[in-house]
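The sequence shown: position 171 = 171 (UniProt numbering), numbered continuously.
Below is one structure; the comments refer to it alone.
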Amino acid sequence: MASITLQDIGEMKLIQDVILPLARRYDPTTAVGDDCTFIPTAGVHLAVTADAGPAPLIMRLPGHESDYESAGWLAAVATISDVASAGAQPLFLTNCIDAPPDLEVSHFQSYLEGYFRASAEFGFRNGGGDVRQGHTLAMRVFGVGSCEQPVPLGRGRAQPGDRLVGIGSMGEVMASFVTVLEDNDVPQERMRQLRFPRPQIREMAILSREGCLTAASDTSDGFLGAVQNIMVASQCGFSFTLNTGAISNAVQTAAEICNVSPWNIYFCWGDWSVAATVSASLFPQFEQTCAKNQITWVELGVVNAERGRATAVLDGRDSCELRLLRNENFRSLGYNSSVKNHIEHMLKTNIFI
(Lines of atoms letter the chains of each structure in order from A and count residues from 1; the text may use other names and numbers.)
(Lines give C-alpha, C1' and ligand atoms only; values in the text may rest on other atoms or scores of the structure.)
Protein backbone atom coordinates (compact mmCIF):
# COMPACT_ATOMS: atom_id res chain seq x y z
CA MET A 1 0.00 0.00 0.00
CA ALA A 2 1.47 3.37 -1.03
CA SER A 3 2.33 5.90 1.65
CA ILE A 4 0.01 8.88 1.98
CA THR A 5 1.76 12.18 1.30
CA LEU A 6 0.96 15.79 2.22
CA GLN A 7 -0.19 16.49 -1.32
CA ASP A 8 -2.65 13.59 -1.05
CA ILE A 9 -4.54 15.24 1.81
CA GLY A 10 -3.79 18.97 1.44
CA GLU A 11 -3.36 21.68 4.04
CA MET A 12 -6.90 21.79 5.44
CA LYS A 13 -7.16 18.05 6.13
CA LEU A 14 -3.59 18.05 7.47
CA ILE A 15 -4.56 20.65 10.07
CA GLN A 16 -7.80 18.92 11.07
CA ASP A 17 -6.64 15.29 11.06
CA VAL A 18 -2.97 15.50 12.03
CA ILE A 19 -1.83 18.80 13.54
CA LEU A 20 -4.75 19.60 15.86
CA PRO A 21 -5.17 16.06 17.28
CA LEU A 22 -1.45 15.90 18.08
CA ALA A 23 -1.44 19.38 19.60
CA ARG A 24 -4.47 18.57 21.76
CA ARG A 25 -2.91 15.33 22.95
CA TYR A 26 -0.20 17.33 24.68
CA ASP A 27 -2.15 20.57 25.29
CA PRO A 28 -5.91 19.94 25.61
CA THR A 29 -6.55 23.72 25.63
CA THR A 30 -5.51 23.98 21.96
CA ALA A 31 -8.35 25.73 20.12
CA VAL A 32 -9.70 25.14 16.62
CA GLY A 33 -7.31 26.93 14.30
CA ASP A 34 -7.88 30.69 14.45
CA ASP A 35 -5.65 33.21 12.73
CA CYS A 36 -4.03 33.66 16.17
CA THR A 37 -3.93 31.72 19.39
CA PHE A 38 -4.92 33.59 22.54
CA ILE A 39 -2.89 33.45 25.76
CA PRO A 40 -4.55 34.97 28.87
CA THR A 41 -2.12 37.01 30.96
CA ALA A 42 -2.32 39.96 33.37
CA GLY A 43 -5.88 40.92 32.52
CA VAL A 44 -5.44 40.81 28.73
CA HIS A 45 -5.15 38.16 26.05
CA LEU A 46 -2.03 37.99 23.92
CA ALA A 47 -2.83 37.27 20.26
CA VAL A 48 0.11 35.15 19.06
CA THR A 49 0.81 34.03 15.50
CA ALA A 50 3.54 33.19 12.99
CA ASP A 51 3.71 33.18 9.20
CA ALA A 52 6.18 32.94 6.34
CA GLY A 53 6.66 35.83 3.94
CA PRO A 54 5.13 34.88 0.57
CA ALA A 55 6.82 35.63 -2.74
CA PRO A 56 5.35 39.00 -3.81
CA LEU A 57 3.33 39.22 -7.01
CA ILE A 58 5.18 42.42 -7.89
CA MET A 59 8.43 40.47 -8.45
CA ARG A 60 6.76 38.65 -11.35
CA LEU A 61 6.32 41.89 -13.29
CA PRO A 62 8.94 43.17 -15.76
CA GLY A 63 11.18 45.73 -14.08
CA HIS A 64 10.27 44.59 -10.57
CA GLU A 65 12.13 41.27 -10.39
CA SER A 66 14.47 42.71 -7.73
CA ASP A 67 11.87 44.56 -5.65
CA TYR A 68 13.25 43.26 -2.37
CA GLU A 69 11.75 46.12 -0.38
CA SER A 70 8.28 44.92 -1.37
CA ALA A 71 9.24 41.35 -0.39
CA GLY A 72 10.35 42.45 3.07
CA TRP A 73 7.22 44.54 3.53
CA LEU A 74 5.03 41.57 2.60
CA ALA A 75 6.88 39.28 5.02
CA ALA A 76 5.80 41.58 7.85
CA VAL A 77 2.27 42.12 6.50
CA ALA A 78 1.50 38.38 6.34
CA THR A 79 1.89 38.12 10.12
CA ILE A 80 0.47 41.57 10.91
CA SER A 81 -2.71 40.62 9.04
CA ASP A 82 -3.24 37.64 11.34
CA VAL A 83 -2.90 39.92 14.37
CA ALA A 84 -5.31 42.35 12.69
CA SER A 85 -7.98 39.67 12.24
CA ALA A 86 -8.00 39.21 16.03
CA GLY A 87 -8.71 42.92 16.52
CA ALA A 88 -5.53 43.13 18.59
CA GLN A 89 -3.34 46.10 19.39
CA PRO A 90 0.18 45.64 17.94
CA LEU A 91 3.03 44.72 20.27
CA PHE A 92 6.07 43.24 18.49
CA LEU A 93 7.39 41.12 15.63
CA THR A 94 10.32 38.68 15.73
CA ASN A 95 11.88 37.24 12.58
CA CYS A 96 13.97 34.31 11.38
CA ILE A 97 15.73 34.91 8.05
CA ASP A 98 17.38 32.51 5.61
CA ALA A 99 19.69 34.15 3.07
CA PRO A 100 22.01 32.66 0.40
CA PRO A 101 25.69 33.65 0.70
CA ASP A 102 25.79 35.12 -2.83
CA LEU A 103 22.89 37.54 -2.17
CA GLU A 104 23.97 41.15 -2.70
CA VAL A 105 24.15 43.12 0.53
CA SER A 106 22.15 45.94 -1.07
CA HIS A 107 19.30 43.51 -1.80
CA PHE A 108 19.36 42.21 1.76
CA GLN A 109 19.33 45.78 3.02
CA SER A 110 16.29 46.62 0.85
CA TYR A 111 14.54 43.49 2.13
CA LEU A 112 15.03 44.57 5.74
CA GLU A 113 14.05 48.13 4.86
CA GLY A 114 10.65 46.86 3.75
CA TYR A 115 10.25 44.64 6.80
CA PHE A 116 11.20 47.26 9.38
CA ARG A 117 9.24 50.02 7.62
CA ALA A 118 6.06 47.90 7.63
CA SER A 119 6.61 46.97 11.29
CA ALA A 120 6.92 50.63 12.28
CA GLU A 121 4.10 51.78 9.97
CA PHE A 122 1.61 49.47 11.70
CA GLY A 123 2.81 50.01 15.27
CA PHE A 124 4.92 46.93 15.99
CA ARG A 125 8.16 47.08 17.93
CA ASN A 126 11.21 45.16 16.77
CA GLY A 127 11.42 41.91 18.73
CA GLY A 128 14.78 40.89 17.28
CA GLY A 129 15.38 37.75 15.29
CA ASP A 130 17.90 35.42 13.71
CA VAL A 131 19.69 35.25 10.37
CA ARG A 132 21.37 32.19 8.90
CA GLN A 133 22.60 30.84 5.60
CA GLY A 134 19.97 29.22 3.40
CA HIS A 135 19.33 28.29 -0.21
CA THR A 136 16.93 31.17 -0.90
CA LEU A 137 15.96 34.44 0.79
CA ALA A 138 13.03 33.75 3.10
CA MET A 139 11.63 35.14 6.34
CA ARG A 140 9.38 33.65 8.99
CA VAL A 141 7.78 36.18 11.30
CA PHE A 142 6.39 35.66 14.82
CA GLY A 143 3.91 38.35 15.92
CA VAL A 144 2.17 39.33 19.14
CA GLY A 145 -0.68 41.72 19.84
CA SER A 146 -2.84 42.43 22.88
CA CYS A 147 -6.62 42.05 23.23
CA GLU A 148 -8.39 43.83 26.08
CA GLN A 149 -11.86 42.50 25.29
CA PRO A 150 -12.99 39.64 27.61
CA VAL A 151 -13.61 37.22 24.73
CA PRO A 152 -11.00 37.49 21.97
CA LEU A 153 -12.14 37.69 18.35
CA GLY A 154 -11.59 34.41 16.52
CA ARG A 155 -13.36 32.42 13.83
CA GLY A 156 -15.77 30.42 15.96
CA ARG A 157 -18.62 32.63 17.23
CA ALA A 158 -20.62 33.48 14.10
CA GLN A 159 -24.35 32.94 14.63
CA PRO A 160 -27.29 32.58 12.20
CA GLY A 161 -28.55 36.06 11.34
CA ASP A 162 -25.14 37.73 11.67
CA ARG A 163 -24.18 39.86 8.66
CA LEU A 164 -21.16 38.96 6.53
CA VAL A 165 -18.88 41.87 5.64
CA GLY A 166 -15.52 42.49 4.04
CA ILE A 167 -13.22 44.96 5.80
CA GLY A 168 -10.82 46.67 3.39
CA SER A 169 -10.59 46.71 -0.39
CA MET A 170 -11.79 43.76 -2.49
CA GLY A 171 -9.87 42.58 -5.54
CA GLU A 172 -7.98 45.82 -6.12
CA VAL A 173 -4.48 44.33 -5.81
CA MET A 174 -5.16 41.43 -8.18
CA ALA A 175 -6.84 43.85 -10.58
CA SER A 176 -3.70 45.99 -10.64
CA PHE A 177 -1.51 42.94 -11.17
CA VAL A 178 -3.39 41.52 -14.16
CA THR A 179 -3.72 45.00 -15.68
CA VAL A 180 0.03 45.64 -15.53
CA LEU A 181 0.75 42.07 -16.66
CA GLU A 182 -1.14 42.79 -19.87
CA ASP A 183 1.08 45.84 -20.51
CA ASN A 184 -1.50 48.35 -19.41
CA ASP A 185 -0.63 51.31 -17.22
CA VAL A 186 -2.17 51.83 -13.81
CA PRO A 187 -1.99 54.93 -11.59
CA GLN A 188 1.02 55.20 -9.30
CA GLU A 189 -1.18 54.88 -6.23
CA ARG A 190 -2.39 51.48 -7.42
CA MET A 191 1.20 50.40 -8.12
CA ARG A 192 2.04 51.41 -4.57
CA GLN A 193 -0.88 49.32 -3.29
CA LEU A 194 0.49 46.39 -5.27
CA ARG A 195 4.00 46.84 -3.85
CA PHE A 196 2.97 47.73 -0.30
CA PRO A 197 -0.49 46.34 0.59
CA ARG A 198 -1.93 47.44 3.91
CA PRO A 199 -3.40 45.06 6.52
CA GLN A 200 -6.47 46.12 8.50
CA ILE A 201 -4.71 46.49 11.87
CA ARG A 202 -6.17 49.92 12.74
CA GLU A 203 -9.62 49.17 11.41
CA MET A 204 -10.00 45.82 13.16
CA ALA A 205 -8.73 47.14 16.49
CA ILE A 206 -11.40 49.86 16.39
CA LEU A 207 -14.19 47.46 15.44
CA SER A 208 -13.10 44.91 18.02
CA ARG A 209 -13.24 47.52 20.79
CA GLU A 210 -16.82 48.32 19.76
CA GLY A 211 -17.75 44.66 20.31
CA CYS A 212 -19.95 44.32 17.22
CA LEU A 213 -17.92 41.62 15.42
CA THR A 214 -18.63 37.96 16.20
CA ALA A 215 -16.00 36.23 14.02
CA ALA A 216 -13.19 37.14 11.62
CA SER A 217 -10.46 35.67 9.42
CA ASP A 218 -7.93 37.37 7.16
CA THR A 219 -8.09 36.84 3.40
CA SER A 220 -4.52 35.69 2.75
CA ASP A 221 -5.93 32.61 0.95
CA GLY A 222 -8.77 34.52 -0.68
CA PHE A 223 -11.98 36.04 0.68
CA LEU A 224 -13.93 32.83 0.13
CA GLY A 225 -11.17 30.90 1.91
CA ALA A 226 -11.65 33.19 4.90
CA VAL A 227 -15.39 32.56 4.76
CA GLN A 228 -14.69 28.82 4.76
CA ASN A 229 -12.45 29.29 7.82
CA ILE A 230 -15.32 30.91 9.71
CA MET A 231 -17.81 28.35 8.40
CA VAL A 232 -15.74 25.43 9.72
CA ALA A 233 -14.97 27.00 13.11
CA SER A 234 -18.52 28.32 13.68
CA GLN A 235 -20.25 25.27 12.16
CA CYS A 236 -22.48 27.47 10.06
CA GLY A 237 -23.37 28.34 6.47
CA PHE A 238 -23.59 31.57 4.45
CA SER A 239 -26.09 33.15 2.09
CA PHE A 240 -24.47 35.74 -0.20
CA THR A 241 -26.37 38.54 -1.94
CA LEU A 242 -24.17 39.92 -4.73
CA ASN A 243 -24.57 42.83 -7.13
CA THR A 244 -22.09 43.03 -10.01
CA GLY A 245 -22.76 46.77 -10.29
CA ALA A 246 -21.10 47.28 -6.90
CA ILE A 247 -17.72 46.03 -8.15
CA SER A 248 -15.19 48.80 -8.77
CA ASN A 249 -14.31 49.99 -12.27
CA ALA A 250 -10.72 48.84 -11.76
CA VAL A 251 -11.81 45.26 -11.07
CA GLN A 252 -14.36 45.30 -13.91
CA THR A 253 -11.73 46.56 -16.36
CA ALA A 254 -9.18 43.96 -15.23
CA ALA A 255 -11.77 41.21 -15.71
CA GLU A 256 -12.40 42.38 -19.27
CA ILE A 257 -8.67 42.48 -20.01
CA CYS A 258 -8.11 38.84 -19.01
CA ASN A 259 -11.60 37.61 -19.98
CA VAL A 260 -12.67 36.30 -16.56
CA SER A 261 -15.56 36.92 -14.19
CA PRO A 262 -15.05 40.09 -12.12
CA TRP A 263 -16.15 38.09 -9.08
CA ASN A 264 -13.06 35.86 -9.33
CA ILE A 265 -10.84 38.93 -9.12
CA TYR A 266 -13.05 40.50 -6.45
CA PHE A 267 -12.78 37.47 -4.15
CA CYS A 268 -9.10 36.77 -4.83
CA TRP A 269 -6.35 37.28 -2.24
CA GLY A 270 -3.90 40.19 -2.29
CA ASP A 271 -5.71 43.03 -0.52
CA TRP A 272 -5.06 41.67 3.00
CA SER A 273 -8.66 42.45 3.86
CA VAL A 274 -10.68 40.63 6.54
CA ALA A 275 -13.88 38.61 6.27
CA ALA A 276 -15.98 39.23 9.37
CA THR A 277 -19.43 38.64 10.77
CA VAL A 278 -21.38 41.36 12.58
CA SER A 279 -24.08 40.82 15.16
CA ALA A 280 -27.39 41.73 13.52
CA SER A 281 -28.50 43.74 16.55
CA LEU A 282 -25.28 45.76 16.50
CA PHE A 283 -25.15 46.36 12.75
CA PRO A 284 -26.24 50.03 13.01
CA GLN A 285 -23.42 50.58 15.52
CA PHE A 286 -21.01 48.88 13.11
CA GLU A 287 -22.10 51.18 10.27
CA GLN A 288 -21.69 54.28 12.45
CA THR A 289 -18.25 53.19 13.64
CA CYS A 290 -17.06 52.59 10.07
CA ALA A 291 -18.36 55.98 8.92
CA LYS A 292 -16.80 57.81 11.87
CA ASN A 293 -13.40 56.16 11.40
CA GLN A 294 -13.32 56.06 7.59
CA ILE A 295 -13.23 52.25 7.48
CA THR A 296 -13.77 50.69 4.06
CA TRP A 297 -16.27 47.85 4.17
CA VAL A 298 -18.91 46.03 2.12
CA GLU A 299 -21.88 43.87 3.11
CA LEU A 300 -22.04 40.54 1.28
CA GLY A 301 -24.59 38.29 2.97
CA VAL A 302 -25.78 36.64 6.16
CA VAL A 303 -24.86 33.65 8.32
CA ASN A 304 -27.32 30.76 8.32
CA ALA A 305 -27.61 27.38 10.05
CA GLU A 306 -26.88 25.27 6.93
CA ARG A 307 -23.57 23.95 8.15
CA GLY A 308 -20.85 23.79 5.51
CA ARG A 309 -22.93 25.30 2.69
CA ALA A 310 -22.59 28.63 0.87
CA THR A 311 -25.18 29.91 -1.60
CA ALA A 312 -25.44 33.12 -3.58
CA VAL A 313 -28.10 35.25 -5.20
CA LEU A 314 -26.31 37.04 -8.04
CA ASP A 315 -27.88 40.17 -9.53
CA GLY A 316 -31.33 39.12 -8.35
CA ARG A 317 -31.32 35.76 -10.13
CA ASP A 318 -32.15 32.39 -8.59
CA SER A 319 -29.96 31.17 -5.75
CA CYS A 320 -27.01 28.95 -6.68
CA GLU A 321 -24.25 27.09 -4.88
CA LEU A 322 -21.06 29.08 -4.25
CA ARG A 323 -17.71 27.34 -4.67
CA LEU A 324 -15.40 28.45 -1.85
CA LEU A 325 -12.36 28.91 -4.07
CA ARG A 326 -9.14 29.36 -2.09
CA ASN A 327 -5.42 28.82 -1.91
CA GLU A 328 -4.39 25.59 -0.18
CA ASN A 329 -0.85 24.45 0.51
CA PHE A 330 0.40 21.05 -0.70
CA ARG A 331 -2.09 21.08 -3.58
CA SER A 332 -0.90 21.11 -7.19
CA LEU A 333 -2.82 24.33 -7.83
CA GLY A 334 -1.66 26.04 -4.63
CA TYR A 335 0.33 29.29 -4.70
CA ASN A 336 3.49 27.64 -3.39
CA SER A 337 3.32 24.86 -6.00
CA SER A 338 3.01 27.11 -9.06
CA VAL A 339 2.14 30.80 -8.90
CA LYS A 340 1.14 30.88 -12.57
CA ASN A 341 -1.13 27.83 -12.38
CA HIS A 342 -2.58 28.96 -9.08
CA ILE A 343 -3.55 32.41 -10.38
CA GLU A 344 -5.12 30.85 -13.46
CA HIS A 345 -7.06 28.50 -11.16
CA MET A 346 -8.27 31.36 -8.96
CA LEU A 347 -9.31 33.56 -11.88
CA LYS A 348 -10.82 31.02 -14.28
CA THR A 349 -12.61 28.50 -12.05
CA ASN A 350 -16.35 29.11 -11.97
CA ILE A 351 -17.39 30.03 -8.44
CA PHE A 352 -21.13 30.01 -9.19
CA ILE A 353 -22.27 26.40 -9.54
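Note that beta-carbon positions come from the ideal geometry of N, C-alpha and C, so glycine has one too.
Predicted model only: the values in this text are computed from it and were never measured.
In terms of alpha-carbon separation, which member of R163, A215, A84, S70 lies closest to F240?
Closest by alpha carbon: R163.
Let me know the secondary structure DSSP gives residue 356 once reduced to three states.
Lying before the first or after the last residue shown, residue 356 is absent from the chain, which here runs from 1 to 353.
Between the stretch 127–147 and the stretch 72–92, do three or more beta carbon pairs fall short of 8 Å?
Judged by Cβ distances under 8 Å, the stretch 127–147 makes contact with the stretch 72–92, as three or more pairs qualify.
Under 7 Å Cβ to Cβ from M174, same chain only, skipping five residues before and after it: list those, please.
Once the five neighbours on either side are set aside, the close Cβ partners of M174 are I265, C268, G270.
I'd like to confirm the pairing. Which residues does DSSP put opposite E299 in its beta bridges?
Its beta-bridge partners are V165.
I want to know whether the stretch 215–228 touches the stretch 271–281 - three or more CB-CB distances under 8 Å.
Touching, yes.
Excluding the five sequence neighbours on either side, which residues of its own chain have a C-beta within less than 6 Å of the C-beta of S319, listed in chain order?
Same-chain partners within the cutoff: T311, V313.
Rounded to a whole number of angstroms, what is the C-alpha to C-alpha distance between R192 and D8?
If I take the Cα positions, the gap works out to 38 Å.
When we look at the beta-carbon of G63 and count the other beta-carbons within 10 Å, is it buried (16 or more) or exposed?
Per the 10 Å Cβ criterion, exposed.
Pull up the distance between the alpha-carbon of L112 and that of P28, whole angstroms please.
Going from the Cα of L112 to the Cα of P28 covers about 38 Å.
Just how far apart, CA to CA, sit R157 and Q235?
Whole-angstrom Cα-Cα distance: 9 Å.
Suppose the cutoff is 7 Å on Cβ atoms and the five residues either side in sequence are ignored; what does the same chain contact list for G129 look like?
So the qualifying residues of the chain are T94, N95, C96, I97.
Touch check for the stretch 165–181 and the stretch 250–264: three-plus C-beta pairs under 8 Å?
Because the criterion of three Cβ pairs below 8 Å is met, the stretch 165–181 and the stretch 250–264 touch.
Under 7 Å, do R307 and G237 count as touching if we go by C-beta distance?
It is a contact, given that the beta carbons lie within the stated cut-off.
Between W263, R331, C290, A280, which has its C-alpha nearest L322's C-alpha?
L322 has its Cα closest to that of W263, out of W263, R331, C290, A280.
In angstroms, rounded to a whole number, what distance separates the CA positions of H135 and P100?
Going from the Cα of H135 to the Cα of P100 covers about 5 Å.
Please identify the residue among D315, I39, L74, R132 whose C-alpha is closest to the C-alpha of D102.
Closest by alpha carbon: R132.
Using the C-alpha atoms, what's the distance from V165 back to E299?
Spanning the two alpha carbons is a distance of roughly 4 Å.
Roughly how far, in whole angstroms, is the beta-carbon of N243 from the beta-carbon of D315, given that I think they are within contact range, below 8 Å?
About 6 Å separates the two Cβ atoms, so the contact holds.
For the candidate residues G123, F352, G10, D17, whose alpha-carbon lies nearest to that of R317?
Here the closest residue by C-alpha is F352.
Quick check: the Cα distance between I167 and F124, rounded to an integer number of angstroms?
For I167 and F124, the distance between alpha carbons rounds to 21 Å.
Ordered along the chain, which non-local residues of its own chain (more than five positions away) have a Cβ less than 8 Å from that of L333?
Around L333: N341, H342, H345.
Beta strand (DSSP E) containing A280: first to last residue?
Looking at the DSSP string, A280 is not in any beta strand (DSSP E), and its letter there is neither H nor E.
Are the Cβ atoms of I247 and E182 separated by less than 7 Å?
It is not a contact, given that the beta carbons lie outside the stated cut-off.
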